[in-house]
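J.:
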Amino acid sequence: MCCDSKRRFLLLYATQKGQAKAIAEEIWQQAGAHGLEADIHCISEMDKYNLETERDPVVIVISTTGTGDPPDTARKFVKKIQDTTLPPDHFAHLQYGLLGLGDSEYMFFCNGGKTVDRRLQELGAQRFYDTGLADDCVGLELVVDPWIDGLWLALKEALLLQKEKEGMNNLVDAVTSSPPPAPHVVHELNLSSEVQNLKLEDEGAKSSDVLSQKVDDVNLVAPARNTQPSLVNSVPPLSQSALNIPALPPEYIEVQFQGPHGENPHLSSLISEETTFEVPVTKAVQLTREDAIKTALLLELDISDTVFDYQPGDAFCVICPNNANEVEELLHILGLSEKGDDFICVKVKQGTKKKGASRPQYIPERSTLKFILTWCLEIRAVPKKAFLRALVECTSNAGEKRRLQELCSRQGASDYMHFIRDSNVCFLDLLRAFPSCKPSLNLLIEHLPKLQARSYSVSSSNLYQPGKLCFVFNIVEFPACPARLISRKGVCTGWLAELVAPLLHPSKNTLNTKGESFSTEKISIFPRPNNTFHLPADPSVPFIMVGPGTGVSPFIGFLQHRQKLREQHIDWEFGETWLFFGCRHQDRDYLFKQLRCFLENGTLTHLKVCFSRDSSTAEVAPPKYVQDVIRLYAKEVAKVLLEEKGYFYICGDKKHMADGVSDAVVDILSMEMEADRLEAMKILAMLREEKRYLQDVWS
Ligand code: FAD
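Under our numbering, the first residue of the sequence shown carries the number 5, and numbering increases by one thereafter.
1) For Arg532, which residues from the same chain have a beta carbon less than 6 Å from its beta carbon, with the 5 sequence-adjacent residues on both sides left out?
2) Would you say the beta carbon of Trp702 comes nearer than 6 Å to a heavy atom of ligand 1?
3) Taking Leu458 as part of the beta strand (DSSP E), name the residues at either end of that continuous run.
4) Could you check where the beta strand (DSSP E) with Val62 kicks off and where it finishes?
5) As an exercise, report each continuous beta strand (DSSP E) stretch of at least 3 residues that is fully enclosed by the segment 523-565, in chain order.
6) Should Trp576 be labelled buried (16 or more other beta-carbon atoms within 10 Å of its own) or exposed?
7) First and last residue of the beta strand (DSSP E) that includes Glu304?
8) Does ligand 1 have even one heavy atom less than 6 Å from the beta-carbon of Phe482?
9) If we count Cβ pairs, one from each stretch, closer than 8 Å, do we get three or more for the segment 548-558 versus the segment 442-450?
10) What number of angstroms, rounded off, separates the C-alpha of Asp73 from the C-alpha of Thr581?
11) Kindly list the residues whose CB is nearer than 7 Å to the CB of Val386, restricted to its own chain and excluding five residues on each side of it in sequence; keep chain order.
12) On the DSSP letters alone, give me the boundaries of the beta strand (DSSP E) that Asp43 sits inside.
13) Let me know the secondary structure DSSP gives Ser440 once reduced to three states.
14) To the nearest angstrom, report how far apart Lys442 and Thr372 are at their CA atoms.
15) So, is the C-beta of Arg488 closer than 7 Å to a C-beta in chain D?
16) Helix, strand or coil for Gly36 per DSSP?
17) Where are the alpha helix (DSSP H) runs, 4 residues long or more, that stay fully inside the segment 99-164, in chain order?
18) In the DSSP assignment, what are the bridge partners of Glu282?
19) What does the alpha-carbon distance come out to for the pair Leu500 and Leu303?
20) Would you call the segment 61-71 and the segment 102-111 in contact, with 3 or more CB pairs under 8 Å?
21) If you draw a straight line from the alpha carbon of Lys493 to that of Leu673, how long is it in whole angstroms?
22) Quick one: Cα of Thr280 to Cα of Ala457, how far?
23) Can you tell me whether Gly39 is buried or exposed? The criterion is at least 16 other CB atoms within 10 Å of its CB, across all chains shown.
24) Taking DSSP's pairing of strands, which residues face Tyr697 in a bridge?
25) Going by DSSP, what residue range makes up the alpha helix (DSSP H) through Leu371?
26) Less than 7 Å separating the beta-carbons of Gln86 and Gln130?
27) Is Ala319 a contact residue of ligand 1, with contact defined as CB to any heavy atom under 6 Å?
28) Give the straight-line distance between the Cα atoms of His538 and Phe112, rounded to the nearest whole angstrom.
29) Between Asn428 and ligand 1, is there a pair consisting of the residue's CB and a ligand heavy atom that are separated by less than 6 Å?
30) Under the criterion of a Cβ to heavy atom distance below 6 Å, does Phe477 qualify as lining ligand 2?
31) Are Ser528 and Glu267 closer than 7 Å when you measure CB to CB?
32) Would you mind giving the Cβ-Cβ distance between Phe562 and Cys587, rounded to the nearest angstrom? I have them listed as a contact below 8 Å.
33) Should the segment 639-650 be regarded as contacting the segment 621-628, the criterion being three or more beta carbon pairs within less than 8 Å?
34) For Asn115, which of Thr536, Pro75, Pro150 and Lys83 has the nearest alpha-carbon?
35) Where do the ends of the alpha helix (DSSP H) carrying Pro506 lie?
36) Taking 6 Å as the cut-off, is the C-beta of Cys496 nearer than that to any heavy atom in ligand 1?
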């Protein structure tokens with residue numbers, strides 16, 4: 005799309021789960037109100053823009069995925085700019101501003117953005133605005149909102165600079181002197197001004213009216229005896245504060261109900277560019293004892309009738325539905341219980357004020373209402389402030405309305421963080437807490453994100469078990485809390501656990517003629533190959549695996565594969581293998597006791613285990629965590645990494661384990677090389693660069 009060159013900037017987004025795209029669209033939307041126009045493109049659409057010739061400022065919004073990788077959509081772009089033959093002034097003509105999205109719980113926070121930022125700098129591009137790094141762990145909006153606020157002035161200055169360079173000062177004046185916007189711009193400004201200021205100061209009769217109205221409202225939600233704030237309850241000063249609330253997002257989806265006749269689309273149509281396979285679950289094993297804190301299950305899938313292929317170390321995705329009871333409850337709240345099986349047609353609302361509105365790709369144009377609520381929308385998502393803002397309009401009780409306004413206002417930012425985000429309050433929780441809120445269906449489609457398929461690491465080898473794919477997972481449990489009175493299970497793991505219950509607890513109906521349990525349940529999966537987390541190409545190279553809890557899962561695949569290779573190639577040389585495994589209790593959650601078999605047949609050379617919750621009577625307490633055990637083998641670990649050019653793999657919990665293990669490795673390197681910590685950290689960075697220190701971590 006071509007914009008007026010006086011006010012144009014190029015806006016690129018690189019998104020994995022849609023957040024970077026949504027933020028870029030927000031910027032695009034707001035640009036008009038600032039007298040600017042953006043050419044917006046996904047960074048992968050390289051035929052639609054050209055940074056080599058781009059003269060206008062460029063704004064890039066980019067997220068991070070995997071272990072610090074740029075999103076898949078940015079791979080080609082990153083590869084292109086990383087071409088080492090490019091001269092250092094390749095982008096000397098370019099002015100850019102970059103907003104990176106990430107999660108500080110992961111190693112390499114915002115690395116996608118940092119990589120692009122660094123490379124653009126190396127190639128001579130100039131930042132016209134400080135790079136923003138937003139952290140999903142504490143709330144992206146904490147950085148995103150002020151970054152966007154400041155963007156407009158910076159863009160105008162960048163445009164001025166650009167035009168000055170081009171000797172077009174006459175045109176620049178039009179932008180910098182901020183003339184009264186053209187009539188259509190004024191219109192947009194009113195509609196999309198970033199905050200709709202509900203000023204309650206005594207500024208005259210009108211405002212005072214508003215004030216008394218609001219105070220009355222507050223009394224409804226916060227009776228005098230309620231002095232503690234909660235999701236539904238606010239206390240002074242917030243309850244009496246003037247509020248700056250976001251502008252009401254324009255509605256853009258229209259839903260038409262049709263009859264009950266038709267056929268729902270295939271699940272594969274919900275996944276872009278992927279091939280999905282519907283495969284039977286052939287086995288389910290509970291790996292933990294009933295009294296273990298978490299329940300781990302191993303599932304075996306039969307992929308023999310498909311072309312699904314994998315290598316040990318790969319992950320794959322499971323397409324999962326929302327919980328059926330939650331879908332029913334939602335239908336009930338929406339007043340659509342009777343219409344769940346009716347087909348609906350989802351279209352962009354005619355005359356919508358939302359710029360560039362389009363039907364989300366993951367929403368079929370025609371399907372039943374239940375299909376959309378079950379397979380397409382993440383109904384457990386934590387509602388964003390824009391959604392809360394939209395919900396205000398559908399809430400009839402004045403007290404509830406005020407509280408929702410507070411929760412999406414600037415003044416209520418910490419209440420939002422505390423009572424919604426940190427408490428993982430989902431949309432359904434909110435509807436339960438605010439019973440007079442009756443949103444229309446189009447709002448759900450506009451504001452709820454895509455229901456993501458969940459990833460799992462493969463825990464088998466196709467050499468060892470041809471035609472089978474195994475994986476291991478913990479059933480995620482969320483206990484009840486003040487904001488949510490009922491406990492619940494993870495969307496995918498809860499569903500899988502229910503699905504395979506007949507295999508775990510066989511009854512007469514689920515036993516075949518041989519007395520074995522069987523199931524006819526199928527699940528839809530698609531590949532998510534891992535480019536690096538694989539066995540070393542050279543089998544003679546030693547490697548170390550660190551996989552506590554379900555993190556051991558891909559290493560079972562590694563070891564199965566290695567065992568088969570040893571059987572098939574008796575003349576090959578095989579390097580030593582180390583596995584550090586840990587769990588809470590030796591008796592309750594030692595997931596794979598058969599690790600001993602790998603040890604006994606020589607596939608595994610060293611197995612080191614620890615149990616964090618078992619009490620010990622030993623004089624010297626045994627190590628509790630894998631990182632503690634690794635430290636006991638400092639010399640051996642250093643030898644594998646430094647002398648034998650070996651590999652180090654970590655898999656499992658990112659929050660508590662992976663950082664601890666990295667710390668231990670840095671200490672080991674520093675000790676064994678008699679170098680300071682900084683030097684040791686550089687060595688670790690080098691090992692990562694050489695892809696010899698590899699992580700596959702998840703929360
Ligand atoms: P969800 O419903 O998605 O909930 C899980 C997360 O949502 C929580 O961790 C938390 O962040 C948040 N959450 C939602 N509600 C609440 C609440 N009320 N309180 C607190 N937090 C809440 N997992 C395995 O078990 N085994 C594997 O082999 C494995 N491999 C993976 C490989 C990769 C590459 C990746 C990215 C992830 C992997 N995972 C693995 C994690 C897996 O994809 C899922 O995230 C996990 O199984 C939970 O899915 P779920 O739908 O059951 O839970």
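Note that beta-carbon positions come from the ideal geometry of N, C-alpha and C, so glycine has one too.
T.: Let me lay it out:
1) Only Ala319, Phe320, Cys321 and Ser459 meet the Cβ criterion.
2) Relative to ligand 1, the beta carbon of Trp702 is positioned inside 6 Å of a heavy atom.
3) A small correction: the amino acid at residue 458 is Arg; Leu does not occupy that position in the sequence shown. Looking at the DSSP string, the run of the beta strand (DSSP E) that includes Arg458 is Arg458 to Ser461.
4) Val62 to Ile66 is the extent of the beta strand (DSSP E) around Val62.
5) The segment 523-565 contains these whole beta strand (DSSP E) runs: 526-532 and 547-550.
6) The Cβ neighbour count for Trp576, taken over all protein chains shown within 10 Å, is under 16; the residue is labelled exposed.
7) Ala300 to Asp306 is the extent of the beta strand (DSSP E) around Glu304.
8) Relative to ligand 1, the beta carbon of Phe482 is positioned inside 6 Å of a heavy atom.
9) Note that the segment 548-558 does not touch the segment 442-450; fewer than 3 beta-carbon pairs, one per stretch, sit closer than 8 Å.
10) When the Cα atoms are used, Asp73 and Thr581 turn out to be separated by approximately 28 Å.
11) Ile424, Arg425, Asn428, Val429 and Cys430, listed in sequence order.
12) Glu41 to Cys46 is the span of the beta strand (DSSP E), which, as asked, contains Asp43.
13) Ser440: coil per DSSP, three-state reduction.
14) Cα to Cα, Lys442 sits roughly 20 Å from Thr372.
15) Absent from the structure: chain D. Only one protein chain is present.
16) Annotated three-state conformation of Gly36 is helix, per DSSP.
17) For the segment 99-164, whole alpha helix (DSSP H) runs of length 4 or above, ordered along the chain, are 115-126.
18) Listed as beta-bridge partners of Glu282 by DSSP are Ser528.
19) Looking at the backbone, the Cα of Leu500 and that of Leu303 are separated by about 9 Å.
20) Put simply, the segment 61-71 touches the segment 102-111. At least three CB pairs are less than 8 Å apart.
21) Each residue's Cα considered, the two are about 41 Å apart.
22) Going by the C-alpha atoms only, they are around 11 Å apart.
23) Buried is the call here.
24) DSSP output for Tyr697 lists Phe652 as bridge partner(s).
25) Residue identity differs from the one stated: residue 371 is Ser in this sequence, not Leu. Here Ser371 belongs to no alpha helix (DSSP H); instead the beta strand (DSSP E) covers Arg370 to Thr372.
26) No; because the gap between Cβ atoms is not below 7 Å, this pair is not in contact.
27) Yes, Cβ of Ala319 sits closer than 6 Å to a heavy atom of ligand 1.
28) Whole-angstrom Cα-Cα distance: 20 Å.
29) The beta carbon of Asn428 sits closer than 6 Å to at least one heavy atom of ligand 1.
30) For the structure depicted, ligand 2 is absent and the ligand set comprises only ligand 1.
31) Inclusion of Ser528 and Glu267 in the CB contact set at 7 Å is not warranted, their separation being larger than that value.
32) Actually they do not touch by this definition, with Cβ atoms about 19 Å apart.
33) The segment 639-650 is not in contact with the segment 621-628.
34) Closest by alpha carbon: Pro75.
35) Residues Ala505 to Leu508.
36) When distances are taken from the beta-carbon of Cys496 to the heavy atoms of ligand 1, the shortest one is below 6 Å.
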